[in-house]
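Take the sequence shown: its position 174, counting from 1, is numbered 162 in the working numbering, and each next residue is one higher.
Glycine included, each C-beta is placed from N, C-alpha and C at the ideal position.
Fair warning: this is a prediction, and the values are worked out from it, not measured in the lab.
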Amino acid sequence: MLSNLVVTNQKVVLVIDELNRERIAPKFIGSLLHEQGQGAETIKALPTGVSLKHVATFEALITECANTKNNNTAGGEAGDLEASSPRSKSTGFNVILPTLADLLCYQTPAFIFGFLNRLRRSENVCRVFLWASPQHLQNPHADYILAGCEYLAELVLRLESDKLLSLISRKPGGGVSNRRYSCQVSKTSFQVTPLDGGLPAGASPKQPSPESEQTPEPARSTFKIELHEDEVVARNALTLPYERTCEPSEGNIIYTPDADDDFDEEDPDEDLCI
């Protein structure tokens, strides 16, 4: 299911909608959360409309998340019933923001980036969802704004067509994965299958049979290890440079004496006045 890929540990999720279906954004995101066991009490949403013009609307959301979490924590310590509730075990709220087009109608890009960053750093927020349709962004710097949102997002879901989507995921260690999926929508689920031939999302890998474990396939490699018989003979007959030696031969010194040479062996120093 698509929810297995979207509802993860990544905190900021950006949905880029190439199909212009902003009207289904809250319902679509809510269904993904419900499939992963996230109840309605874990979801917080900003109101839409003229209220987005006031900064107090955004501040109220952050304050509400902090107060509600503190109240649930205190209630969990007061009684075993509250402590065992699913909400008390949650690490934060799932915040669903209005579409990027609605936010740009009332706030500046700088304010939107700052608010996204505050939600990303808040310990009371588990995930943040933002929906953006490029064709609905009525702003001269729409490309720059969308690129800024992609930079802040840790997971980018791009709905390319009715049967095709892509997913970019950034891991805490710095790794980035970019994969494309074919999708099939039914009344009860949203099934996706990797286009690279992998398993569908949520499917368990097939266990190998005992026969395949006993007779593994030979590894495919262009590196050759074995040698034929004639190759072994040629290798043994080869003499390497450092193994080459010269045959021993006698050396004779030939010297021709000059006329002034003195070969008196009795007194070689007779010519010296000593």
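A direct Cα-Cα distance of roughly 11 Å separates residue 129 from residue 92. Less than 9 Å separates the beta-carbon of residue 152 from that of residue 169. Counting C-beta pairs closer than 8 Å gives fewer than three between the segment 119 to 127 and the segment 161 to 168, which falls short of the contact rule. Under the 10 Å beta carbon count, residue 26 is surrounded by 16 or more other beta carbons and is classified as buried.
A Cβ-Cβ contact shorter than 9 Å links residue 85 with residue 119.
Each residue's CA atom was taken as its position, placing residue 154 and residue 137 some 17 Å apart. If you check the CB distance, residue 90 and residue 40 come in under 9 Å. Closest by C-alpha distance to residue 55, out of 242, 110 and 226, is 110. The beta carbons of residue 0 and residue 115 sit closer together than 9 Å.
Beta-bridge partners assigned by DSSP to residue 182: 169. Look at residue 33 here: in three-state DSSP terms it is strand. Leaving aside the five residues that flank residue 10 on each side, the residues in its chain whose CB is nearer than 8 Å to its CB run, in chain order, 87, 89, 119, 121 and 124. From the listed residues 181, 240 and -8, the smallest Cα separation to residue 24 is found for -8. Rounded to whole angstroms, residue 97 and residue 104 show a C-alpha spacing of 11 Å. Looking at the DSSP output, residue 157 bridges to 143 and 165. Annotated as proximal: residue 80 and residue 53, with beta-carbon spacing under 9 Å. Nearest C-alpha to residue 94 among -10, 37 and 47: 37. DSSP places residue 9 outside both helix and strand once states are collapsed to three, so it counts as coil. A straight-line Cα-Cα distance of about 25 Å links residue -10 and residue 112.
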